[in-house]
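These notes are about the structure you will find just below.
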Amino acid sequence: MILLFLRNTEWPYAKKQAIKQGNKEGAQIHAQDAIREKNQALNCLKMASRIDAVSSRLETAVRMNNLSTSMAGVVRGMSTGLQSMDVDKMAATMDKFESQFEDLDVRTQ
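As structure tokens, this is what we get:
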């Protein structure tokens with residue numbers, strides 16, 4: 000435990016000292032530690048990327064589920080509307096809506 004504490008607090012200093020003193024074994028240990036820490040950091044980044052991808056897929060699935068639920072409601076509403084309304088009246092209403100929407104679109108530009 001004490002060795003770990005000393006190693007973590009004095010690591011940069013110990014690394015320089017090992018290299019300056021020509022302590023190849025100590026320098027090699029420090030180099031292996033640096034490589035291991037770099038690999039751990041890369042593994043964390045990879046894991047974060049994979050978690051982000053799964054999160055995006057889940058969000059997309061939830062949105063698609065909400066969209067299909069909404070579309071089912073719209074289809075039911077349209078079906079009811081078709082049964083209760085005259086098709087000619089509905090076509091006239093849609094034409095009026097489209098023309099008003101186009102007028103609104105022209106005004107906003």
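Those letters in the sequence shown? Residues 0 to 108, per numbering that gives the first Met the number 0, in order.
Using N, Cα and C, we set each Cβ at its ideal position, and we do this for glycine too.
Every value quoted in this text rests on a predicted model; they were computed, and no experiment measured them.
Residue j beta carbon less than 9 angstroms from that of residue i
i          : j          : result
residue 80 : residue 89 : yes
residue 16 : residue 22 : yes
Cβ distance (whole Å) where residue i is taken to contact residue j below 8 angstroms
i          : j          : result
residue 26 : residue 18 : 5 angstroms
Chain-order list of residues whose beta-carbon lies under 7 angstroms from that of residue i (same chain, five-residue window excluded)
i          : result
residue 66 : none
Secondary structure of residue i, DSSP reduced to three states
i          : result
residue 22 : coil
residue 84 : coil
Own chain, CB closer than 6 angstroms to residue i, minus 5 neighbours either side, in chain order
i           : result
residue 105 : none
residue 37  : none
Residue-level contact to chain B via CB, residue i, 9 angstroms cutoff
i           : result
residue 100 : Looking for chain B here will not work: only one protein chain is present.
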